[in-house]
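Remarks on the structure that follows.
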Amino acid sequence: FGKFNSLPVDYNKGLASTSFAENYFEEMLLNYMDIINTLYVATTRAKDYLCMICPKLPKKAKSGPINDIQIILSDLLASAGSGDPDFIQEDQTFIFGDHVVMSAESQKPDSDPLIIPSYQINEQLTERFKRNSQKQDTWFNARQRKGVVLHELLGAIHDLDLLDKLIDEKVQEGLLRAGEMAEIKTAVNDVLMQTEIRTWFKTAKSVISEKDIILSEGVVKRPDKLFVFEGYAILLDFKFGNEQSKYIGDISLYRDSLMKMGGFKEVHAYLWYAQERKLQRVG
């Protein structure tokens with residue numbers, strides 16, 4: 133192998149019995165250190181509340197840095213937390229401290245924003261950044277591009293009065309052309325003017341957009357909208373394709389996870405199908 137400056141190999145435990153054994157164990161050590169460092173940062177930055185989810189691994193789980201650390205951490209927390217009244221252990225979830233809900237505060241920018249009166253879009257540059265996928269050669273065609281922008285706008289907006297500002301940002305990012313602004317605004321308003329959705333925006337105490345939910349299995353999900361009211365909440369996901377049972381399963385999982393977190397007596401889940409202009413309540 134000395135004739136090669138570099139040689140790509142597949143990183144797996146089989147390398148331990150090859151000429152690359154030294155490199156393999158060095159990389160394994162670095163992986164363990166990365167995971168331990170991540171764990172250290174996660175457990176030392178909390179001020180009021182710390183929640184760690186350590187689901188049990190299947191019996192046939194493969195050995196590796198992440199799985200090994202998870203087993204050690206789960207056993208350690210189970211041992212350390214026993215008999216400690218401040219340490220809650222339920223369903224492989226370990227909680228310490230009091231969950232404090234912080235009120236939103238208006239923040240003033242440190243300096244005046246930079247305002248550019250005009251922004252030239254280079255069509256040649258846009259062509260270079262067309263995206264392709266394995267499923268479809270022209271993934272980033274005009275229709276799909278506008279669909280992606282529409283979904284991002286609906287996911288990001290938390291105040292109806294900010295729509296024009298958000299659309300302008302998409303133009304500056306090069307995802308929208310100036311001539312498409314009116315079309316996109318009409319499409320977004322078509323959703324936001326739906327009676328129930330508009331009422332939720334107007335009456336909710338707060339609107340949370342695209343925030344991660346860590347499920348008990350350690351999987352991270354991100355629903356489009358969470359409308360918070362007094363004692364209850366409403367989940368909303370926007371869908372731009374045909375109805376699928378998978379969508380119902382996903383949002384039901386989000387709803388059940390929020391109920392387990394506490395803080396809400398009820399959580400209602402809805403799906404909005406843009407093509408059919410249909411609002412579906414789930415469960």
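Taking this note's numbering, the leading residue of the sequence shown gets 133, the next gets one more, and so forth. Where is the CB? At the ideal position from N, CA and C, for every residue including glycine.
Burial state of residue i (16 or more Cβ within 10 Å)
i	result
V351	exposed
R387	buried
K135	exposed
T150	exposed
L161	exposed
Alpha-carbon to alpha-carbon, residue j and residue i
i	j	result
T170	I185	15 Å
F226	K371	35 Å
L368	S377	16 Å
F87	A178	Outside the shown range of the chain, which is 133 to 415, sits residue 87, and nothing can be said about it.
Y379	E342	16 Å
S206	F228	15 Å
E398	M391	7 Å
D180	K337	24 Å
R354	E158	36 Å
Q412	L139	54 Å
D269	S211	A caution first: D269 carries a pLDDT of 40, below 50, which makes its placement in the model too unreliable to give a value.
When the options are compared against residue i, the one with the closest alpha-carbon
i	options	result
G279	Q407, G363, L324, Q412	Q407
E375	M391, V414, I346	V414
D356	N321, T318, A288, K337	A288
K145	N137, S138, L139, E154	E154
V303	S250, H400, V323, Q326	S250
L246	E301, M313, I203	E301
F396	S389, Y405, Y364	Y364
Residues sharing a beta bridge with residue i, DSSP
i	result
L298	L298 is not bridged to any residue.
E398	Y364
L182	F228
D369	L403
L307	Bridge partners of L307: none, in fact.
L411	W404
V339	F359
K353	I345
Test: residue i CB closer than 8 Å to a CB of chain D
i	result
I248	Going by chain labels, chain D is absent from the structure shown, which holds only one protein chain.
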